[in-house]
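Undergrad: Residue numbering for the sequence shown is 1 to 487, as defined by the UniProt record's numbering. A virtual CB, placed ideally from N, CA and C, is assigned to each residue, including glycine. Since this is a predicted model, take the numbers as computed values, not measurements.
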Amino acid sequence: MQESQESQTSSSVHSFYHQTMQQIEPYRLSTFEVSNDDSTQSRGQATEFPFQTYSEQFFTLESTPASDYTVYNSPSTPGVSSNMSPFSPQYFQSYASDLHQASDNPYGSPMIGSSGVDDENKLMHALWVLRNELLGPECDIDPNGSLNSVVTQASPFTRVAVSAAEALMDIIEKGVSICGEPLERLGAYMLEGLRARILSSGSIIYKKLKCEEPTSSALMSYMYMLSQICPYYKFAYTSANVVIGEAMENENRIHIIDFQIAQGSHSCTRRRLQIVGQRLAQVAESCGVPFEFHGAAISGCEVQLENLQVRHGEVLAVNFPYVLHHMPDESVSTTNHRDRLLRLVKSLSPKIVTLVEQESNTNTGTFFQRFCETLDYYTAMFESIDAACPRDDKQRINAEEHCVARDVVNIIACEGNDREERHELFGKWRLRFTMAGFSPVPLSPSVGYTIRDMLKEHSPDYRVAESSGALYLGWKNRALATSSAWR
């Protein structure tokens with residue numbers, strides 16, 4: 001699930017010809033699967049939760065009204081609970097910061113560094129939220145309340161505040177563990193991000209994490225492990241497979257542009273793309289499908305028309321699985337590569353475009369709001385991982401470190417161009433696609449049926465629901481991802 005402005009993203013291009021739809025389906029599935037699922041875990045039936053729609057306003061580019069809100073009023077306020085229903089008015093209200101930004105910013109999002117002292121105070125609040133979540137608000141580690149007094153008086157973010165923050169982090173560290181309960185594991189990574197942010201070394205720490213970038217083969221094994229214990233990758237590629245397969249059913253010459261063919265790796269080397277292309281060619285040959293593969297190991301921000309090699313007579317499909325949120329938008333730069341790429345794709349007149357993104361708001365808004373959203377979102381994700389794999393499993397630990405923890409640290413520690421994880425809610429994506437000239441394509445019932453069938457291999461606490469043309473995947477009452485189609 002990782003792309004970045006500076007990292008090598010895998011914008012890959014495939015072209016192939018076929019005679020029957022039966023020949024296409026194996027190709028599409030094999031594009032993203034590493035090996036078969038041999039899990040022996042007990043599984044259940046995914047359930048569907050009640051769903052309500054709400055009148056929401058989303059703003060982007062130059063259109064943004066002025067308003068704001070505060071999530072927490074004091075550092076002792078309990079943290080966000082992952083049990084909040086994603087379909088309640090309160091849930092959607094919690095994202096108001098992303099939808100309504102200050103009007104003095106012509107680009108529709110808070111400028112980096114504009115929060116100043118207030119944002120650093122919120123960082124102290126964030127530490128208290130994490131401390132209370134892990135240890136409880138009545139924790140007696142500081143019985144005299146001296147630390148609380150120092151933190152309360154530490155404004156602006158002076159040397160005294162830094163000392164207080166470091167002392168508070170030492171307390172929090174006693175309650176976290178990468179082998180513990182979901183919140184303890186998440187807390188370990190969020191603490192690492194907070195420590196980096198307080199020391200003003202977010203980008204340095206992020207690039208030199210304890211869990212250094214693994215080799216290509218190791219990363220693929222970690223991603224495969226994660227794909228087996230939780231269905232987020234499968235949700236993306238399974239839903240896209242069905243949508244693209246249905247759209248191309250009667251076409252003879254198909255060109256698929258997949259902007260995440262490396263299956264979520266942060267740095268996609270040309271060699272890795274070659275390996276993917278060779279595997280796809282072998283599958284296509286076994287199915288009797290003429291096939292070409294053209295890999296482009298470049299950042300999504302660098303993609304130009306000539307990189308896509310679209311030919312006359314080809315019917316075009318484009319896949320965006322967990323990739324667009326890595327591209328900087330108008331809140332980072334006036335260049336706004338996120339919307340530029342959408343307009344470029346629209347100019348190609350694709351027959352179908354698939355979009356899968358995390359249902360989270362970590363793009364705009366204040367740091368504290370982003371912190372609380374990260375705590376809420378990833379608590380649900382870590383709970384879902386916990387339901388499928390033992391806590392002391394070394395493979396699970398590696399999968400979390402290399403496929404999830406880096407994202408968490410980046411969201412908490414980094415700003416500006418260094419912050420690569422910039423998720424948006426589906427409502428915001430819907431507006432971006434509409435402004436780029438796309439129209440939504442209703443999902444057929446077979447998409448939902450296929451996802452529900454896939455979820456039978458996983459915990460019954462996974463849920464699916466459809467609203468506003470998108471299919472939602474959730475853990476209990478928390479929506480985690482959406483899948484939609486456009487043309």
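To the nearest angstrom, report how far apart Thr450 and Val162 are at their CA atoms.
TA: So the two alpha carbons sit approximately 51 angstroms from each other.
Undergrad: What would DSSP say about Gly474, mapped onto helix, strand or coil?
TA: The answer is strand: DSSP assigns Gly474 an E or B state.
Undergrad: Here's the rule: buried if 16 or more other CB atoms are within 10 angstroms of the residue's CB, otherwise exposed. What is Lys476?
TA: Looking at its Cβ environment, which holds 16 or more other Cβ atoms inside 10 Å, Lys476 is buried.
Undergrad: I'd like to know if the stretch 297-306 and the stretch 234-241 are in contact, where contact means that at least 3 CB-CB pairs between them fall below 8 angstroms.
TA: The answer is no - the stretch 234-241 does not touch the stretch 297-306, with fewer than three Cβ pairs under 8 angstroms.
Undergrad: Assign Thr362 to one of two classes, buried (16 or more other C-beta atoms within 10 Å of its C-beta) or exposed (fewer than that).
TA: The residue in question, Thr362, is buried, as its Cβ has 16 or more Cβ neighbours within 10 Å.
Undergrad: Assign His458 to one of two classes, buried (16 or more other C-beta atoms within 10 Å of its C-beta) or exposed (fewer than that).
TA: Per the 10 Å Cβ criterion, buried.
Undergrad: Under 7 angstroms Cβ to Cβ from Leu341, same chain only, skipping five residues before and after it: list those, please.
TA: For Leu341, where only same-chain residues beyond five positions count, the Cβ hits under 7 angstroms are Gly300, Val303, Met327.
Undergrad: Do Ser468 and Phe433 have their CB atoms nearer than 9 angstroms?
TA: Not a contact, by the Cβ cut-off of 9 angstroms.
Undergrad: With a floor of 3 residues, list each beta strand (DSSP E) that falls wholly inside the stretch 418-479, ordered by position along the chain.
TA: Listed in chain order, they are 462-467, 470-475.
Undergrad: Considering Thr379, what are the terminal residues of the beta strand (DSSP E) in which it resides?
TA: Per DSSP, Thr379 belongs to no beta strand (DSSP E); it is in the alpha helix (DSSP H), 367-386.
Undergrad: Go to His294, then tell me how far its beta strand (DSSP E) extends in each direction, as first and last residue.
TA: Element bounds for His294: 291-297.
Undergrad: Decide if Lys456 is buried, meaning its Cβ has at least 16 other Cβ atoms within 10 Å, or exposed.
TA: Per the 10 Å Cβ criterion, exposed.
Undergrad: Check whether the stretch 226-233 touches the stretch 281-292, counting contact only when three or more Cβ pairs, one atom from each stretch, lie closer than 8 angstroms.
TA: No, the stretch 226-233 is not in contact with the stretch 281-292.
Undergrad: Thinking C-alpha only, which one of Trp486, Arg463, Leu471, Arg406 is nearest Ser478?
TA: It should be noted that the sequence gives Arg, not Ser, for residue 478. Here the closest residue by C-alpha is Arg463.
Undergrad: What is the DSSP secondary structure of Gln309, reduced to helix, strand or coil?
TA: Looking at Gln309 - three-state DSSP - the assignment turns out to be coil, as it is neither helix nor strand.
Undergrad: Just tell me which of Cys414, Arg270, Glu383, Val356 has its CA closest to the CA of Asp461.
TA: Nearest of Cys414, Arg270, Glu383, Val356 to Asp461, Cα basis: Glu383.
Undergrad: Specify the secondary structure class of Val353 as computed by DSSP and reduced to three states.
TA: It is a strand residue.
Undergrad: Within a Cβ cutoff of 6 angstroms, which residues of the same chain sit near Arg185, ignoring the five residues on either side of it in sequence?
TA: Ile178, Phe382, listed in sequence order.
Undergrad: Which ranges would you report for the alpha helix (DSSP H) in the stretch 230-258 if only whole runs of at least 4 residues count?
TA: Counting only runs of 4 or more, we get 232-247.
Undergrad: Could you have a look at Asn398 and say whether DSSP puts it in helix, strand or coil?
TA: Of the three classes helix, strand and coil, the one that applies to Asn398 here is helix, per DSSP.
Undergrad: Under a Cβ-count criterion, where at least 16 other Cβ atoms within 10 Å of its own Cβ denotes burial, should Asn336 be classed as buried or exposed?
TA: By the neighbour-count rule (16 or more Cβ atoms within 10 Å), Asn336 is buried.
Undergrad: Based on the DSSP output, what are the partners of Ala196 in its beta bridges?
TA: BP columns for Ala196 are empty, so no partner.
Undergrad: Expressed to the nearest angstrom, what Euclidean distance is found between the alpha-carbon atoms of Thr366 and Arg253?
TA: Each residue's alpha carbon lies about 47 angstroms from the other.
Undergrad: What do you reckon, is the C-beta of Asp453 under 8 angstroms from a heavy atom of the ligand SAM?
TA: As far as ligands go, the structure on display features none, and thus does not contain the ligand SAM.
Undergrad: Out of Arg419, Gly295, Glu359, point me to the one whose CA is closest to Ala465's CA.
TA: For Ala465, the nearest C-alpha among the options comes from Glu359.
Undergrad: Take the Cβ of Thr334 as the centre, count every other Cβ of all protein chains shown within 10 Å, and call the residue buried at 16 or more, exposed below.
TA: So Thr334 ends up on the exposed side.
Undergrad: Three-state secondary structure (DSSP) at Asn361?
TA: Note: Asn361 maps to coil in three-state DSSP.
Undergrad: Is the Cβ of Gln358 closer than 9 angstroms to any Cβ of chain C?
TA: Chain labels in this structure do not include chain C; a single protein chain is all it has.
Undergrad: Classify Val315 as helix, strand or coil using the three-state DSSP reduction.
TA: It is a strand residue.
Undergrad: Tell me the DSSP bridge mates of Thr482?
TA: According to DSSP, which records beta bridges pairwise, Thr482 is partnered with Glu357, Tyr472.
Undergrad: Skipping 5 residues on each side, what residues in its chain have a beta carbon closer than 8 angstroms to that of Met169?
TA: Hits under 8 angstroms: Leu127, Leu191, Leu194, Arg195, Ile198.
Undergrad: Classify Leu480: buried if its beta carbon has 16 or more other beta carbons within 10 angstroms, exposed otherwise.
TA: Flag for Leu480 reads buried.
Undergrad: Using a Cβ-Cβ cut-off of 7 angstroms (strictly less than) and excluding sequence neighbours within five positions of Asn410, which residues of its own chain qualify?
TA: Counting only Cβ-Cβ distances below 7 angstroms, and skipping sequence neighbours, we find Tyr206, Arg419, Glu420, Glu421.
Undergrad: From the DSSP output, in three-state form, read off Pro390 for me.
TA: DSSP places Pro390 in coil when its eight states are reduced to three.
Undergrad: Look at the alpha carbon of Leu273 and the alpha carbon of Phe293, and state the distance between them as a whole number of angstroms.
TA: Their backbone Cα atoms lie some 9 angstroms apart in a straight line.
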